[in-house]
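Using my numbering, the first residue of the sequence shown is number 56, and each one after it goes up by one. Just so it is clear, CB atoms sit at the ideal spot from N, CA and C, and this is done for glycine as well. Just so it is clear, the structure is predicted and the values come from calculations on it, not from any experiment.
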Amino acid sequence: MSAPIDTNAFVGYPDTLSVRAGERIRFHLSSEARQQADVKFVRVRCADADATGPGIKYRELTSPIDGVHAVAFHEAPCGSFMSVPADARFAPEGAFSFGCYVWPTRLLATPQTVLARWCEDSGRGWALQLSREGLRLRVGGADGAIELKTDAPLEQRRWYWVQGALDATTGEMVLSQCRLADGALPEQRREARATKPGGWRLDSQGPLTVAAHALSATGGRCGAHYDGKIEAPRIAEGLLGVDALRRCDDLARPGLADAALIACWDFSHGIDTLEVLDRSPNRLDGRLHQLPCRGMTGVHWTGDVHDWRLAPREYGAIHFHSDDIYDCGWPATLELDVPADWKSGFHALRLRPVDGSAAETFITFFVTPAADAKRAPLAVLAASMTYMAYANSALRLHAVHFEVLTERLLMLTGDDIYLQEHPEVGQSTYDHHIDGSGRAYSSWLRPVLNMRPRSQPGNLAIDSHFLDWLEEKGIDYDVVTDVELDRQGAGALAGYRVLATLSHPEYYSEAMMNGIMAFQNAGGRHLALGANGFYWRCAFHPKAPAAVEVRRGMAGTRTWESQPGEVHLAGTGEPGALWRHSGFAPQKLIGVGFSAMVYDHAGYYLLTPDAADARVAFAVEGIAQGERIGDYGVRIGGAVGIEIDRFDVGLGSPPHAVMLATSHGLGPGALPTPEEYRTTVHGLDGEQNALVRADMVFFETAKGGAVFSTGSISYVLSLSHNGYDNNVSRITGNVLRRFLDPAPFELPA
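Shown next, in the form of structure tokens:
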């Protein structure tokens, strides 16, 4: 048996997921062993390493940067925080006070910094910190540091006001924590005092920070990251009591005299940005790093409003996490001007060590056609928003029911182990932060291990089976990604006769939904080859464009739920959760929508009596009634599996659509999605529930267009069976040939 291939001897990421032929892309690489890499680019045909299928297939390309390159080691600086550039007013020579509201979610034995102007390497400045023991004020100067503690533990997920005050001249220190009244719990205050004879000279040179403190005076890296919400941090002159400093809680009209107020940061302003406004006359504005969650309910939330745009003052909190990551910030190792003659497609940078050891890393990117290039008649839409939502998913390791759900033993891979050893690279929107809250953001500016050849077979690997089939059949195509669709809408699909969406286009922004609908209404033909598509309403963050933002809501197949009042996206303000609950179920777009999960044993299709309709004769040519369609396939053994969609006029399926085939052979492991039933009763599974099924559907659209939907993720895993000579391949070819034919479809009378 040969040694396993190390897929993580090199890791990295591109600066953009998609690039036009002729334009530039950069790659940011790291190697713990600081190895030299042999660099080559490939155009990927199949990214799925499963030996029961086509296997890994790609074509090597020639580029001007082929050859050996040195790869340094870089760390991933996870942990979100706010910073304000250094200013002498953050350490006045006399007395000053500072405080904020906190809602801690992960109290540790080691301190976490809430608000500070502290420099770790010099031990100078001041820092307000939390730990399991309670609140701590740390003050350091040229003659050393002193700490003051309340020794009154805080409770997780409750609001507190925390405050420090000190007089640099007299050395007096006051530390206060106040638990806010909450239901049956009354307000509770604790205070500690101390005096340092001779006072301090607070000469810290670093920035002011919230939710962490600077490790050096440059402020480039931070430590002691805090987990939880923070609201309304502020600093004022004078040794103030709790009530006096809290009175500037009305941020639009600070309660302190302008001359006394140094800074008062308003997290409820500019929720859709990475900037933080200082409401004081000094305008010491801050900036957020590593994308913490904004639009979060704060101390003033009443529960009456659930949209932060309608009552921003009730959403004055930011949730910081010690494991937030948006951008690793590594320097570029390689730059490539993509040759103009490269064909559009799924591409990858391939890295191999020069010492010949068994290691190989791929970094995926997508090449779209040059602006002036002739378009192929077929556009394949790479589901990059969905790829990001699942990026670095550790769900199969952390979900207690994974092996039960799949009826398979979990086999660890090198990627699984790497993610456990390197949690700093971040996980997916299916995973939880270290404090137990759901991950709302996922970015491509970090190593993504499950979006490349040889990775754990997931969305991209499954999607590549269709590319493999197209190459086998000699069908020309271009690749467009969700990024272009989101930014350009239907314009990204201009010039294409046919659009193919792949196995699992689950995550969709409003612009993307509207773009595909406009394409269909303008006469475009849509070949929808998957299931659980067009399901979650989400968005690319406008100020952090490499990040997808997801808010789970209270329904749908989900691994976590948003907190009450926190379903609206911070980046756009629109509601998250299911498109179905925004009045746009997938059935309205492609005729079918998410029905059930089938992770154990797949089924197959049989033609329905409606398949005799002359309108679908082109699709079923060569297929007989009673013939099992797709009772074979890679990995799960059939064309109806993983996740499946059904036809439902009540949810928006066009009434003139033809349901030409439906699934059979599903068992008790086929389970409906939560939104498909109102209460738990017997008979919900695939053996007994008529709603648990996959439907194959065709319908005509305006201006000669049409839609054909297969309703199953595993459909494309059957295409290569028997040397590509099978009835799934036959139906797919029948439909695609007709869709490529310019002859218009006619809506039935």
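- When the Cα atoms are used, Ser764 and Ala666 turn out to be separated by approximately 14 Å.
- Residue pairing by DSSP places Cys174 opposite Arg179 and Ala269 in a beta bridge.
- Straight through space, the alpha carbons of Gly154 and Arg301 are spaced by roughly 8 Å.
- Sequence-distant Cβ neighbours of Leu343 in its own chain, meaning closer than 6 Å and more than five residues away, are Met137 and Leu329.
- Residue nearest to Met351 within the set Phe65, Gly720, Ala131 and Ala625 is Ala625 (criterion: CA-CA distance).
- Fewer than three pairs of CB atoms, one per stretch, sit closer than 8 Å, so the segment 506 to 520 makes no contact with the segment 168 to 186.
- The three-state reading of DSSP puts Ile786 in helix, counting H, G and I together.
- Collapsing the DSSP output to three states places Ile60 in coil.
- Of the candidates Thr461, Gly149, Leu163 and Ser399, Gly149 places its Cα closest to the Cα of Ala315.
- Annotation for Leu294: Ala150, Ala220 and Asp222 place their beta carbon closer than 6 Å to its own, counting only its chain and skipping 5 residues before and after.
- Rounded to whole angstroms, Trp524 and Trp363 show a C-alpha spacing of 47 Å.
- Shown here, Ala577 sits in coil according to DSSP, grouped into three states, outside any helix or strand.
- At the C-beta level, Tyr281 and Ala267 come within 8 Å of one another.
- Excluding its 5 nearest sequence neighbours in each direction, Thr663 has C-beta neighbours in its own chain below 8 Å: Met714, Leu715, Ala716 and Thr717, listed in chain order.
- Unbroken beta strand (DSSP E) stretches of 3 residues or longer found wholly inside the segment 201 to 282: 215 to 222, 227 to 234, 243 to 250 and 263 to 265, given in chain order.
- For Thr468, the CB contacts under 6 Å within the same chain, skipping 5 residues up- and downstream, are Gln511 in chain order.
- A Cβ-Cβ contact shorter than 8 Å links Gly685 with Tyr659.
- Straight through space, the alpha carbons of Thr484 and Ala555 are spaced by roughly 25 Å.
- Collapsing the DSSP output to three states places Gln91 in a strand.
- Secondary structure of Arg187 (DSSP, three-state): coil.
- Under the three-state reduction of DSSP output, Asp486 falls in the coil class, being neither helix nor strand.
- Judged by DSSP in its simplified three-state form, His636 adopts helix.
- Excluding five sequence positions before and after Val790, the CB atoms of its chain that fall closer than 7 Å to its own CB belong to Leu582, Ala674 and Phe763, given in chain order.
- Minimum Cα-Cα distance from Ile691 among the listed residues Asp93, Asp105, Ser152 and Glu87 corresponds to Asp105.
- For Ser138, the uninterrupted beta strand (DSSP E) run begins and ends at Phe136 to Val139, by DSSP.
- Around the Cβ of Gly358, a 10 Å sphere holds fewer than 16 other Cβ atoms; the residue is exposed.
- When DSSP states are grouped into helix, strand and coil, Val622 belongs to the coil group.
- Residue pairing by DSSP puts Ile418 in a beta bridge opposite Leu404.
- Arg592 sits in a strand when the DSSP states are folded into three classes.
- Residue environment for Ile571: buried (at least 16 other C-beta atoms within 10 angstroms of its C-beta).
- Gly648 sits buried, since 16 or more C-beta atoms from the chains shown fall within 10 Å of its C-beta.
- By the Cβ neighbour-count rule, Phe322 is buried, with 16 or more other Cβ atoms within 10 Å of its own.
- For the options Tyr687, Arg79 and His83, the alpha carbon positioned closest to that of Trp499 is the one of His83.
- By the neighbour-count criterion, in which 16 or more other beta carbons inside 10 Å mark a residue as buried, Val704 falls on the exposed side.
- Closest option to Gly493, judged by alpha-carbon separation, among Gly481, Pro502 and Arg501: Gly481.
- In this chain, the beta strand (DSSP E) harbouring Pro159 covers Ala150 to Pro159.
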